[in-house]
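**Student:**
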Amino acid sequence: FNRHATRKNRIDWMKMIYSSDRLPEYIASGSSVKTDEMEGKDPDEEFFRLKPAATVEEDKDWDMSKEVYTDNVLTKWENEELLDPLRSLFITGQQ
Amino acid sequence: MTTSGSLLKFSGHLHFRHRIVLSILSGKPVRIDRIRSEDKDPGLRDFEASLLRLLEKVTNGTVIEISYTGTSVLVKPGVVVGGSITHDCPLSRSVGYFLEPLIMIAPFAKKPLNLTLRGITTDDRDLSVDLIRTVTLPHIQLFGIDEGLELRIKKRGAPPLGGGEVQFLCSIVKQVKTLDFVEPGKIKRIRGISHAVRVSPQFSNRMIEAARSVLNRFIPDIYLYSDVYKGEESGKSPGYALSLLAESTTGALHCSEAVSKPGVPPEDIARQATYALLEEIKRGGCVDRSHQILVLLMMVLGSEDIGRCRMGEPSPRTIQFLRDAREFFGVSFKIAKAESTNPDSTDLIFSCLGIGYVNANRTLA
Chain A
7 FNRHATRKNR
17 IDWMKMIYSS
27 DRLPEYIASG
37 SSVKTDEMEG
47 KDPDEEFFRL
57 KPAATVEEDK
67 DWDMSKEVYT
77 DNVLTKWENE
87 ELLDPLRSLF
97 ITGQQ
Chain B
41 MTTSGSLLKF
51 SGHLHFRHRI
61 VLSILSGKPV
71 RIDRIRSEDK
81 DPGLRDFEAS
91 LLRLLEKVTN
101 GTVIEISYTG
111 TSVLVKPGVV
121 VGGSITHDCP
131 LSRSVGYFLE
141 PLIMIAPFAK
151 KPLNLTLRGI
161 TTDDRDLSVD
171 LIRTVTLPHI
181 QLFGIDEGLE
191 LRIKKRGAPP
201 LGGGEVQFLC
211 SIVKQVKTLD
221 FVEPGKIKRI
231 RGISHAVRVS
241 PQFSNRMIEA
251 ARSVLNRFIP
261 DIYLYSDVYK
271 GEESGKSPGY
281 ALSLLAESTT
291 GALHCSEAVS
301 KPGVPPEDIA
311 RQATYALLEE
321 IKRGGCVDRS
331 HQILVLLMMV
341 LGSEDIGRCR
351 MGEPSPRTIQ
361 FLRDAREFFG
371 VSFKIAKAES
381 TNPDSTDLIF
391 SCLGIGYVNA
401 NRTLA
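Protein sequences appear in the order of chains A and B. Every number in my numbering is 6 more than the matching position in the first sequence, counting from 1. Every number in my numbering is 40 more than the matching position in the second sequence, counting from 1.
1. Within the 8 angstroms Cβ cut-off, does E87 of chain A reach chain B?
2. From what residue to what residue does the beta strand (DSSP E) around E297 of chain B run?
3. Exposed or buried, which one is G232 of chain B when buried takes at least 16 other CB atoms within 10 Å?
4. When the distance is taken between beta carbons, is Y137 of chain B closer than 8 angstroms to F208 of chain B?
5. Within the 8 angstroms Cβ cut-off, does T98 of chain A reach chain B?
6. Give the single residue among B:G352, B:S63 and B:L318 whose Cα lies nearest to the Cα of N85 of chain A.
7. In this structure, does DSSP put H331 of chain B in helix, strand or coil?
8. From which residue to which residue does the alpha helix (DSSP H) around H179 of chain B run?
9. Between B:A250, B:V70, B:N256 and B:L362, which has its C-alpha nearest E17 of chain B's C-alpha?
10. Quick check on Y108 of chain B: buried or exposed, where buried means 16 or more other Cβ atoms within 10 Å of its Cβ?
11. Output the distance between the C-alpha atoms of D163 of chain B and P241 of chain B, rounded to the nearest integer angstrom.
12. From the DSSP output, in three-state form, read off Y137 of chain B for me.
13. Just to confirm my understanding: we take P200 of chain B, look at its own chain, exclude 5 residues before and 5 after, and list those with CB closer than 7 angstroms. What are they?
14. So if I threshold CB-CB distances at 7 angstroms, which residues from the segment 71-84 of chain A count as touching chain B?
15. Could you say which of B:R196, B:I64 and B:H58 lies nearest to N401 of chain B if we only look at CA atoms?
16. Residues of chain A with CB closer than 9 angstroms to the CB of E353 of chain B, please, in chain order.
17. Report yes or no: is there a C-beta of chain A within less than 8 angstroms of the C-beta of Q360 of chain B?
18. Considering Cα atoms alone, identify which of B:K151, B:P82 and B:S90 is closest to N100 of chain B.
19. Suppose you measure from the CA of H294 of chain B to the CA of D328 of chain B; what does that come to, to the nearest Å?
20. Measuring CB atoms only, is the segment 191-200 of chain B touching the segment 212-221 of chain B, in the sense that at least three cross pairs come out at less than 8 angstroms?
21. In terms of residues, what are the limits of the beta strand (DSSP E) holding A313 of chain B?
22. Helix, strand or coil for Q360 of chain B, going by three-state DSSP, please let me know.
23. Taking K72 of chain A as the reference, which of B:T176, B:I60 and B:K68 has the closest Cα?
24. Buried or exposed: where does P383 of chain B fall if 16 or more other Cβ atoms within 10 Å of its Cβ makes it buried?
25. DSSP three-state call for K80 of chain B: helix, strand or coil?
26. Could one say the Cβ of A316 of chain B lies closer than 8 angstroms to chain A's Cβ atoms, at least one of them?
27. Could I get the ranges of all uninterrupted alpha helix (DSSP H) runs contained in the segment 158-241 of chain B, with 4 residues as the minimum, in chain order?
28. Rounded to whole angstroms, how far is the Cβ of G110 of chain B from the Cβ of P82 of chain B, which I believe are closer than 8 angstroms?
29. Beta-carbon separation of I60 of chain B and V135 of chain B under 8 angstroms?
30. Considering only residues of the same chain and omitting the five flanking positions on each side of L95 of chain A, which have a CB-CB separation below 6 angstroms?
31. Go to S277 of chain B, then tell me how far its alpha helix (DSSP H) extends in each direction, as first and last residue.
32. Does I321 of chain B get closer than 8 angstroms to chain A when you measure Cβ to Cβ?
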């Protein structure tokens with residue numbers, strides 16, 4: 007499976023989780039662009055890039071299970087047009 | 041006693057709870073160093089110390105050593121005993137913080153757990169008692185932990201002063217079932233609990249109204265319950281919140297919640313919860329994002345068979361959990377795209393071979 011996952015939008019989750027030491031926050035936020043960009047860097051440089059991000063993260067992380075949504079994630083739903091594609095996920099929507 | 045396992049070392053205060061849970065279940069001692077060692081106020085927080093004390097009550101023979109500065113903890117797990125326990129939670133975290141790890145270990149106790157927790161019942165950091173009752177408990181029922189599973193909300197307590205009380209009852213199992221849950225289905229109903237304590241009960245209705253105005257277009261089967269607690273049962277501080285859950289035709293649950301903030305009208309709180317629910321539904325999978333860890337843990341412990349579950353993208357906490365679970369149990373998951381033909385779908389299938397964990401603490405009948 008992994009070998010064939012060459013498309014940009016396919017993040018190789020197994021490799022990222024089990025055989026890289028990248029921070030979880032990085033992997034989770036990793037849009038395809040970010041991961042591709044990171045892939046080419048040599049490990050030393052990557053290490054220095056990650057460190058400041060980690061210390062910032064630690065100050066506010068409370069080991070909490072509830073998802074924190076940023077305002078723009080939620081306010082985008084005020085746009086009525088976005089609501090329509092969601093209908094297919096409900097039994098009332100068409101296939 | 042099985043203390044033969046080698047000592048596992050971690051650093052940092054993050055992911056504290058699931059590491060302790062993994063240690064207790066695996067019987068492997070764990071040492072966590074550098075807990076906020078760079079912080080202005082280093083060491084364990086009161087809620088973490090309180091959680092350790094609670095785990096000491098639930099288990100027998102657990103040795104917990106905290107260094108003088110509080111920046112390092114050593115836990116040598118004993119056996120999970122269960123039984124009847126009461127614990128006062130500090131006001132820095134809600135009872136959800138304590139219930140989440142307890143739900144993971146309670147099924148493997150020697151005696152059924154009857155836990156009374158006092159403190160804050162709903163806050164914006166941890167799952168509220170409403171969500172634990174309506175969403176977390178059904179998630180562990182998937183694994184055959186069913187009988188006598190209950191969470192009673194006796195009193196509600198809003199931050200900052202709390203004053204709430206809940207009772208958690210959990211039966212014990214010998215082994216958990218293997219999960220095979222790959223059909224997300226379609227959302228067939230939406231349920232919700234809206235509560236308001238020490239403020240006008242009308243706030244609760246206003247939240248329901250606002251949530252309905254967005255959700256009604258999707259589905260007619262919406263029932264939002266206004267839960268009113270009065271007098272002594274409503275705790276010491278004013279507050280209100282809306283918890284929502286969407287259930288699919290295959291029983292997949294997605295949930296969201298928003299809690300009152302000073303100066304924000306109830307309509308806005310309701311909309312926050314509603315939009316968060318839509319976001320959660322859009323992320324897909326068979327399991328709610330905040331319950332990924334619980335489900336994955338139970339899959340690891342499952343009988344020696346391949347367990348499969350479809351989920352949305354893992355959260356950062358889940359990613360760290362997957363790594364830690366491999367350290368403790370040597371189990372790694374196979375993670376594959378759920379729909380390889382559909383480039384828009386981000387759903388993943390997590391599969392693993394369960395270790396066939398047997399509840400050794402259970403008294404032999």
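All C-beta atoms, glycine included, are put in the ideal place defined by N, C-alpha and C. All of these numbers come straight from a predicted model, not from anything done at the bench.
**Tutor:** Checking against the coordinates, here is how it stands:
1. Counting from one through the first sequence, the residue named residue 87 of chain A turns up at place 81. No - not a single Cβ of chain B is within 8 angstroms of the one on E87 of chain A.
2. On the second sequence, residue 297 of chain B is found 257 positions in, with the first residue counted as 1. From DSSP, the beta strand (DSSP E) with E297 of chain B extends over L293 to V299.
3. Within the second sequence, residue 232 of chain B is the residue found at index 192, counting from 1. Counting Cβ neighbours within 10 Å, G232 of chain B comes out buried, since at least 16 surround it.
4. Taking the first residue of the second sequence as 1, we reach residue 208 of chain B at position 168. Taking the first residue of the second sequence as 1, we reach residue 137 of chain B at position 97. Taking 8 angstroms as the Cβ cut-off, F208 of chain B and Y137 of chain B do not qualify as a contacting pair.
5. In the first sequence, residue 98 of chain A corresponds to position 92, counting from 1. Yes, T98 of chain A counts as interfacial toward chain B.
6. Looking up residue 85 of chain A in the first sequence gives position 79. Nearest C-alpha to N85 of chain A: B:L318.
7. In the second sequence, counting from the first residue as 1, residue 331 of chain B sits at position 291. In this structure, H331 of chain B counts as helix in the three-state DSSP scheme.
8. Against the second sequence, residue 179 of chain B aligns to sequence position 139. Residues L177 to Q181.
9. With chain B covering only 41 through 405, there is no way to say anything about residue 17 of chain B.
10. The residue you call residue 108 of chain B lines up with position 68 of the second sequence. Exposed, because fewer than 16 other Cβ atoms sit within 10 Å of the Cβ of Y108 of chain B.
11. By 1-based counting over the second sequence, the position of residue 163 of chain B is 123. By 1-based counting over the second sequence, the position of residue 241 of chain B is 201. Distance between the alpha carbons of D163 of chain B and P241 of chain B: 19 angstroms.
12. Translated into the one-based positions of the second sequence, residue 137 of chain B becomes position 97. Y137 of chain B falls in the helix class under three-state DSSP.
13. In the second sequence, counting from the first residue as 1, residue 200 of chain B sits at position 160. Same-chain partners within the cutoff: L131 and S277.
14. S71, K72, E73, Y75, V79, L80 and W83
15. The sequence position of residue 401 of chain B within the second sequence is 361, counting from 1. Nearest C-alpha to N401 of chain B among B:R196, B:I64 and B:H58: B:I64.
16. On the second sequence, position 313 is the one that residue 353 of chain B refers to. Chain A residues near E353 of chain B: I17, W19 and A34.
17. For the purposes of this step, residue 360 of chain B is identified with residue 320 of the second sequence, where counting begins at 1. By this cut-off, Q360 of chain B is an interface position.
18. Here residue 100 of chain B is taken as the residue at index 60 of the second sequence, counted from 1. The shortest C-alpha separation from N100 of chain B is found at B:K151.
19. In the second sequence, counting from the first residue as 1, residue 294 of chain B sits at position 254. In the second sequence, counting from the first residue as 1, residue 328 of chain B sits at position 288. Each residue's alpha carbon lies about 5 angstroms from the other.
20. No, the segment 191-200 of chain B is not in contact with the segment 212-221 of chain B.
21. Translated into the one-based positions of the second sequence, residue 313 of chain B becomes position 273. No beta strand (DSSP E) contains A313 of chain B, which is instead part of the alpha helix (DSSP H) from P306 to R323.
22. In the second sequence, residue 360 of chain B corresponds to position 320, counting from 1. Looking at Q360 of chain B - three-state DSSP - the assignment turns out to be helix.
23. Walking along the first sequence from the start, residue 72 of chain A turns up at place 66. Closest by alpha carbon: B:T176.
24. The residue labelled residue 383 of chain B in the question sits at position 343 within the second sequence. Its Cβ having fewer than 16 others within 10 Å, P383 of chain B is exposed.
25. Your numbering for residue 80 of chain B matches position 40 in the second sequence. DSSP places K80 of chain B in coil when its eight states are reduced to three.
26. By one-based count along the second sequence, residue 316 of chain B stands at place 276. Yes - at least one Cβ of chain A is within 8 angstroms of the one on A316 of chain B.
27. 177-181
28. Indexing the second sequence from 1 puts residue 110 of chain B at position 70. Indexing the second sequence from 1 puts residue 82 of chain B at position 42. At roughly 7 angstroms, the Cβ-Cβ gap stays under 8 angstroms, so G110 of chain B and P82 of chain B are in contact.
29. On the second sequence, position 20 is the one that residue 60 of chain B refers to. On the second sequence, position 95 is the one that residue 135 of chain B refers to. Contact: no.
30. Reading the first sequence from its first residue, position 89 is the one you call residue 95 of chain A. Cβ neighbours of L95 of chain A beyond the five flanking positions: none.
31. As a first step, residue 277 of chain B must be located in the second sequence, where it is residue number 237. No alpha helix (DSSP H) contains S277 of chain B, which DSSP labels as neither H nor E.
32. Taking the first residue of the second sequence as 1, we reach residue 321 of chain B at position 281. With 8 angstroms as the cut-off, I321 of chain B counts as an interface residue toward chain A.
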